[in-house]
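Chemist: The structure follows.
Below is the structure:
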């Protein structure tokens, strides 16, 4: 069995982004998705700090310290892009104007509950940023995450053990092992990597996985 | 003649007192009014409630203000941004109260204060622990949380250019929370890079009209 790399998970998620969509990519793993959206598709990236039409990292000499992304890294604006203030930016998110929110997660439940903002750490202050706004407000929420936590514990759960970001919001999960949809009947396994069978994947997953009739092998190019 | 320009930072902060609620603009360091925040530290007020998106980075700006022990409470969405050494230490020692607010709710609560709205219902935060103790209501089949307005005593904002009427123009992603903060405080002070002649700012490009701004100071 060969799990996908982080870049390959991002590549797989990028293949599902449709022409013309307005998309917000969360910080961390979801940010990588922008590198792999097929060039033929015109997609408008939203950044919560007031940007539509965000481009990639600036080339040397093109850096502008007033132009950053949600992760506070330097970015660029594409032709057609625009700037606006926070109220308009979060109105876009909360008012259902963003077609797709791609988020990282600690856990997703079989009903689509998302936990991605707080651990149970007593040492570090929690921070929610725009995660609850995106999870509750975007037209569709998809999640990218490793299938299991570092200690091997499952992240696809019957119920989230960590504090919720929003209830019943996730539609699709991309992991290093599988692509799984959240349906009314729970998790539906759409794709899994070579060398893995449904029983083996079920052992790595707390909630029950139903197998789609037309399930496929999950493959990605070497990146 | 209307002239909101002030000569120095002491004049810009006149009337700021212990216990005030102070908005600090910015998303990360972009749009953060560093010079005004330094002036607050120099002025010496205490027991402030600071409202901002993050909690500053490194040892400058909002982080320096918090490190100086001037804030009793921090209201923000994401305190641990890049280099959060100050907030990490204050939190570990339980030396500051932190209220975490979803970013759009933070913005909308200030907008409500500026707009004379007594609060609003939002789906954001419903069924999470950030809704604990808050009134909820089903609206069109979805659970909503009631959020109260968040007014400030002082708003410290950063803009690129201003004129003597207090009209403000920003640069790129430097708007962020600054325009909404300017609307929601009793006294709004703008730190700007440049002050233009009245009439020199393109009226089509003014983001914050001067009605929301009380004082302008050049950094």
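Protein chains in written order, with this note's numbering: chain A, 121 to 343; chain B, 222 to 440.
Idealized CB from N, CA, C, for every residue including glycine.
Bear in mind the structure is a predicted one, so any value in this text is a computation, not a measurement.
(1) Determine the closest residue to residue 406 of chain B out of B/395, B/371 and B/439, with distance taken between C-alpha atoms.
(2) Examine the ligand MN and report whether any of its heavy atoms sits within less than 8 Å of the Cβ of residue 243 of chain A.
(3) Can residue 129 of chain A and residue 295 of chain A be called in contact, C-beta distance under 9 Å?
(4) Can you confirm whether the segment 238-258 of chain B touches the segment 379-392 of chain B when touching is taken to mean that 3 or more C-beta pairs between the two stretches lie within less than 8 Å?
(5) Taking DSSP's pairing of strands, which residues face residue 301 of chain A in a bridge?
(6) Does any CB atom of chain B fall closer than 9 Å to the CB of residue 238 of chain A?
(7) For residue 301 of chain A, which option in A/156, A/136 and A/202 has the closest C-alpha, if you only look at C-alpha atoms?
(8) Rounding to the nearest angstrom, what Cα-Cα distance links residue 277 of chain A and residue 286 of chain A in this structure?
(9) Contact between the segment 230-241 of chain B and the segment 327-335 of chain A: three or more CB pairs below 8 Å?
(10) Can you check the segment 182-244 of chain A for any beta strand (DSSP E) of at least 3 residues that lies completely inside it and give the ranges in chain order?
(11) Alpha carbon to alpha carbon, how far is residue 212 of chain A from residue 401 of chain B? Give it in angstroms, no decimals.
(12) Answer yes or no: does any C-beta atom of chain B fall closer than 9 Å to that of residue 186 of chain A?
(13) Do residue 235 of chain A and residue 377 of chain A have their beta-carbon atoms positioned less than 9 Å apart in this structure?
(14) Tell me whether residue 335 of chain A sits in a helix, a strand or coil according to DSSP, three-state version.
(15) I think residue 349 of chain B touches residue 274 of chain A, with their Cβ atoms under 8 Å apart; what is that distance to the nearest whole Å?
(16) Is there a Cβ of chain A sitting closer than 9 Å to that of residue 319 of chain B, yes or no?
(17) Whole angstroms is fine: what's the gap from residue 359 of chain B's alpha carbon to residue 256 of chain A's?
(18) Within the segment 275-338 of chain B, note down every full alpha helix (DSSP H) run reaching 4 residues or more, in order along the chain.
(19) Let me make sure I understand the geometry here. Which of B/262, B/263 and B/351 has the alpha-carbon closest to that of residue 195 of chain B?
(20) Between which two residues does the alpha helix (DSSP H) carrying residue 147 of chain A extend?
(21) Identify the contact partners of residue 401 of chain B in chain A, using a Cβ-Cβ distance below 8 Å as the criterion.
(22) Between A/189, A/121 and A/230, which lies nearest to residue 151 of chain A when the distance is taken from Cα to Cα?
(23) Skipping 5 residues on each side, what residues in its chain have a beta carbon closer than 6 Å to that of residue 240 of chain B?
(24) I'd like to confirm the pairing. Which residues does DSSP put opposite residue 318 of chain A in its beta bridges?
(25) Which residues, in chain order, does the segment 168-196 of chain A contribute to contact with chain B at a C-beta distance below 8 Å?
(26) Please list, in chain order, the chain B residues whose beta carbon lies closer than 9 Å to that of residue 408 of chain A.
(27) Hey, would you say residue 248 of chain A sits closer than 9 Å to residue 321 of chain B, going by beta carbons?
(28) Inspect the CB distances between the segment 426-438 of chain B and the segment 385-399 of chain B and report whether three or more fall short of 8 Å.
(29) Report the three-state DSSP secondary structure of residue 439 of chain B (helix, strand or coil).
(30) Using a Cβ cut-off of 9 Å (strictly closer), state whether residue 391 of chain B contacts chain A.
(31) Contact check, residue 259 of chain A vs residue 220 of chain A under 8 Å by CB: the rounded distance?
(32) Please list, in chain order, the chain B residues whose beta carbon lies closer than 8 Å to that of residue 140 of chain A.
(33) When we look at the beta-carbon of residue 229 of chain A and count the other beta-carbons within 10 Å, is it buried (16 or more) or exposed?
(34) Quick check on the DSSP output: the beta strand (DSSP E) that includes residue 377 of chain B runs from which residue to which?
(35) Considering Cα atoms alone, identify which of B/250, B/289, B/275 and B/313 is closest to residue 262 of chain B.
(36) Just the chain A side, please: which residues come within less than 8 Å of residue 428 of chain B by C-beta, in chain order?
Modeler: Concretely, from the data shown:
(1) B/371
(2) Absence of the ligand MN is noted for the structure shown, with no ligands found whatsoever.
(3) yes
(4) yes
(5) A/292 and A/308
(6) yes
(7) A/136
(8) 15 Å
(9) no
(10) 197-203, 220-224 and 227-229
(11) 16 Å
(12) yes
(13) Outside the shown range of chain A (121 to 343) lies residue 377 of chain A, about which nothing can therefore be said.
(14) strand
(15) About 22 Å; that fails the 8 Å criterion.
(16) yes
(17) 15 Å
(18) 283-288, 306-313 and 324-336
(19) As shown, chain B starts at 222 and ends at 440. That puts residue 195 of chain B outside it, with no answer to give.
(20) No alpha helix (DSSP H) contains residue 147 of chain A, which DSSP labels as neither H nor E.
(21) 205, 206 and 207
(22) A/189
(23) 268
(24) Note: residue 318 of chain A sits in no beta bridge, so no partner.
(25) 168, 169, 170, 171, 184, 185, 186, 187, 188 and 192
(26) Nothing can be reported for residue 408 of chain A, as the shown portion of chain A is limited to 121 through 343.
(27) yes
(28) yes
(29) strand
(30) yes
(31) 7 Å
(32) Within 8 Å Cβ-Cβ: nothing; residue 140 of chain A doesn't reach chain B, min ~24 Å.
(33) buried
(34) 373-383
(35) B/289
(36) 205
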